[in-house]
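Quick mapping for you: the protein sequence lines, in order, are chains A and B. Under the numbering used here, the first sequence has 843 at position 173, and the numbering climbs by one with no breaks. Under the numbering used here, the second sequence has 706 at position 36, and the numbering climbs by one with no breaks. Notes follow once the structure below has been shown.
Protein chains: 2
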Amino acid sequence: MDFMTMMQTRKSIRSYEDKPVSREDLLKIVEVGRLTPSACNSQPWKFIVVDEPEAKAKVYDALQCSDGHSGCTWGNQVPAFIILVEEEAKVKPAVIAHYHDSQRFAQGDIGAACMNMCHMAMELGLSTCIVGMNEQKKMEDNLGIPEGKTVRLTLAVGYGIDVNPGFVKQRKPLEEVVSFNQW
Amino acid sequence: MDFMTMMQTRKSIRSYEDKPVSREDLLKIVEVGRLTPSACNSQPWKFIVVDEPEAKAKVYDALQCSDGHSGCTWGNQVPAFIILVEEEAKVKPAVIAHYHDSQRFAQGDIGAACMNMCHMAMELGLSTCIVGMNEQKKMEDNLGIPEGKTVRLTLAVGYGIDVNPGFVKQRKPLEEVVSFNQW
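Here it is as structure tokens:
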């Protein structure tokens, strides 16, 4: 499938078949995350692949925020998760000198890695949904993530059930998001 | 080209042929940015396509930081730039309630959009380099970007000259970035 068609047809899926995803496929997905370009090649990420029932239940628990909110109420039937944790970015001294922040580009790098993982999954016949919200403390406690290492995104992966085949992607019109040669 | 091969072979290019990129191609690249998924479908971005000499010189100037640093010393021969500016993210109330920050996911969303634009460019036979550092104030002054709207990334686009064909992508080994079912 050409890339434009991938972009036009990809959609978030929140219902999955009760069918495991192979470790082989999960590692191909992680591999494109690993290969993702990053600021100063800092690779400020760690990927936690979660595919065992007990660990998945812990992830599901951590996706339910203690204030009652959740971006993943449907997460108790997800075949696999890949959690993207932000690591310290070893960037060039110029970045530190200019921004006084080693993590200036880390969130963008992680977003790019997660996007690439969605594309790889699609090519493998798998569906995904990127989940942003989580309860950081529960993630740390449930999965042994060191205190303060931020869980940025959680990717749900599985063989999708398309419960809304007529879905039309909603985006701002082009003219609202693009300009030429000035703001 | 399959997606894994795209990921394995894509590299940042900092030398370009003196050959313009068509508006048609630039708009295809912007289109995949526009189609990128984002938190709560907030689409927190604006894309400024810069392909005229005077405007390109203004971008090049803004990529030279006032403290003498630059991630784009080579930017005076780039055929086109696409600047990614962070917009206010209209996210769901749950995100605000939990994170007290409408922009919690905006940087990641913009990183994903920029990555997609690199892939689309590659499919069109174009090369890219993502430039992170810039002088925000110069970007605002030179391009009329409203004060405080952060320029997150600048994408250089053109027909690349591969001055280092033997380049081997350097990444952390897989075992360093992945774990299973726990940290």
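Backbone N, C-alpha and C define an ideal beta-carbon position, used for all residues, glycine too.
Check, Outcome
"Beta-carbon spacing of M674(A), M674(B) below 8 Å", "no"
"Cβ-based burial, H770(A) [other Cβ within 10 Å; buried from 16]", "exposed"
"Chain-ordered chain B contacts of C742(A) [CB-CB under 7 Å]", "Near C742(A) there are no residues of chain B at all, since even the closest Cβ is about 11 Å away, more than 7 Å."
"Proximal chain B residues relative to R822(A), where beta-carbon distance stays under 9 Å", "F775, G778"
"Under 9 Å from the C-beta of I718(A): neighbouring residues of chain B", "V848, S849, F850, N851, Q852, W853"
"Run of the alpha helix (DSSP H) containing T798(B), from where it starts to where it stops", "Note, T798(B): premise wrong, no alpha helix (DSSP H); beta strand (DSSP E) at 797-801."
"Residue of S849(A), Q840(A), V827(A) minimising C-alpha distance to E687(A)", "V827(A)"
"D672(B), buried or exposed, once every other Cβ within 10 Å from all chains shown has been counted against 16", "exposed"
"Selection from E845(B), N804(B), V848(B), G795(B) that minimises the alpha carbon distance to R854(B)", "The structure shown does not extend to residue 854(B), since chain B spans only 671 to 853, so no value can be given for it."
"Segment limits, beta strand (DSSP E) that includes F751(A)", "750-756"
"Members of the segment 788-803 of chain B that neighbour chain A once the beta carbon cut-off is set at 7 Å", "H789, M790, E793, I800, G802, M803"
"Coarse secondary structure for I683(A), derived from DSSP in three states", "coil"
"Segment contact flag, the segment 749-764 of chain A with the segment 687-700 of chain A, C-beta cutoff 8 Å, min 3 pairs", "yes"
"Bridge partners - F775(A), DSSP secondary structure assignment", "F775(A) is not bridged to any residue."
"One or two residues paired with F717(A) in a DSSP bridge", "L754(A), V848(B)"
"Paired residues, beta bridge with L825(A) - DSSP", "I752(A), I800(A)"
"Helix, strand or coil at G703(B) according to DSSP, with G and I counted as helix", "helix"
"Min CB distance L705(B) to chain A below 8 Å", "yes"
"Chain A within 8 Å of R684(B), Cβ atoms only", "no"
"Same chain, Cβ closer than 6 Å to V700(B), neighbours up to 5 away in sequence not counted", "F717"
"Identity of the residues DSSP links to Q734(A) by a beta bridge", "S740(A)"
"At least 3 beta-carbon pairs within less than 8 Å: the segment 792-808 of chain B vs the segment 725-734 of chain B", "yes"
"Alpha carbon of R693(B) to alpha carbon of S740(A), nearest angstrom", "42 Å"
"The segment 702-718 of chain B / the segment 755-763 of chain B touching (three or more Cβ pairs under 8 Å)", "yes"
"Contact list for D672(A) against chain B, beta-carbon separation under 7 Å", "E793"
"Backbone CA spacing between D695(A) and V719(A) [nearest angstrom]", "11 Å"
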